[in-house]
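Peer 1: Before I ask anything, here is the structure I am working with.
Numbering (UniProt numbering), first residue to last: 1 to 201.
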């Protein structure tokens, strides 16, 4: 167990400085609880820079909610010409989740087609799920994000495109492979009343 955790830590640390130019809209809250809109400039599993109308103080705690990524938090490390950059203060599990999501975003332009979901994506609180292939082959996977029409999962399994499977209890179909995982399309849209961070597939 200790060896596995050590490998996970090394994996996250290797990707900690993987800075990606990515444009995500969101909102941020300063320490005085004022909220403002923002847009990311670039991001890594250890920090991000945003365009922001109001800068906080260096060292000030900031909470940011980003489309497709959800909540991140940290402290302002430096001011930029159009905003500021933060250093994230989050546990290993959250940094690993962000690293996986950045991998997804890097591959997003190459995905195209039906699985290029226009629906809002969320990161569920229950990250672990089970992928069932052919009814009896099971793989423990980590959810990267979920929309009402599909999901991206981190897994080493590579079932062929078009393979029918279950993600948790949800009937799905493999629509694309990407580095470190795959994208599935649900056979039926998830009812909107079930679609929040507490969702269990």
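Using N, Cα and C, we set each Cβ at its ideal position, and we do this for glycine too.
Helix, strand or coil: which one does DSSP assign to residue 170?
Peer 2: By 1-based counting over the chain shown, the position of residue 170 is 170. It is a strand residue.
Peer 1: What's the gap between the Cα of residue 67 and the Cα of residue 59?
Peer 2: For the purposes of this step, residue 67 is taken as residue 67 along the chain shown, with counting starting at 1. For the purposes of this step, residue 59 is taken as residue 59 along the chain shown, with counting starting at 1. One C-alpha to the other measures close to 24 Å.
Peer 1: Alpha carbon to alpha carbon, how far is residue 27 from residue 77?
Peer 2: Looking up residue 27 in the chain shown gives position 27. Looking up residue 77 in the chain shown gives position 77. Roughly 18 Å between the two C-alpha positions.
Peer 1: With DSSP as the reference, identify every bridge partner of residue 151, one or two as the case may be.
Peer 2: For this step, residue 151 is matched to residue 151 along the chain shown. Per DSSP, 146 and 184.
Peer 1: Which residues mark the beginning and the end of the beta strand (DSSP E) in which residue 63 is found?
Peer 2: Position 63 of the chain shown, counted from the start, is the residue given in the question as residue 63. Here the beta strand (DSSP E) through residue 63 covers 61-66.
Peer 1: Specify the secondary structure class of residue 58 as computed by DSSP and reduced to three states.
Peer 2: Counting from one through the chain shown, the residue named residue 58 turns up at place 58. Three-state result, residue 58: coil.
Peer 1: Go ahead and pull the three-state DSSP assignment for residue 42.
Peer 2: Mapped onto the chain shown, residue 42 falls at position 42. Residue 42: strand per DSSP, three-state reduction.
Peer 1: Put residue 164 into one of helix, strand or coil per three-state DSSP.
Peer 2: Taking the chain shown and counting its residues from 1, one reaches residue 164 at position 164. Correct three-state label for residue 164: strand.
Peer 1: Please confirm if the stretch 84-100 is in contact with the stretch 161-176, defined as three or more CB-CB distances below 8 Å between the two stretches.
Peer 2: With a cut-off of 8 Å, the stretch 161-176 and the stretch 84-100 do not count as touching, because too few Cβ pairs lie within range.
Peer 1: With distance defined between alpha-carbon atoms, name the residue in 21, 172, 177 and 179 nearest to residue 185.
Peer 2: Here residue 185 refers to the residue found at position 185 when the chain shown is read from its first residue. That would be 172, whose Cα lies nearest to the Cα of residue 185.
Peer 1: In terms of residue numbering, what span does the beta strand (DSSP E) encompassing residue 128 cover?
Peer 2: Position 128 of the chain shown, counting from 1, holds the residue named residue 128. Its beta strand (DSSP E) spans residues 128-133.
Peer 1: What is the DSSP secondary structure of residue 77, counted as helix, strand or coil?
Peer 2: Counting from one through the chain shown, the residue named residue 77 turns up at place 77. Residue state, collapsed to three classes: strand.
Peer 1: Can you say whether residue 191 is buried or exposed, counting buried as having 16 or more other CB atoms within 10 angstroms of its CB?
Peer 2: Within the chain shown, numbered from 1, the residue matching residue 191 stands at position 191. Label assigned to residue 191: exposed.
Peer 1: State yes or no: is the C-beta of residue 103 within less than 9 Å of the C-beta of residue 46?
Peer 2: Counted from its first residue, the chain shown places residue 103 at position 103. Counted from its first residue, the chain shown places residue 46 at position 46. For residue 103 and residue 46, no; Cβs fall outside 9 Å.
Peer 1: Should residue 138 go down as buried or exposed, given a rule of 16 or more other Cβ atoms within 10 Å for buried?
Peer 2: Position 138 of the chain shown, counted from the first residue, corresponds to residue 138. By the neighbour-count rule (16 or more Cβ atoms within 10 Å), residue 138 is not buried but exposed.
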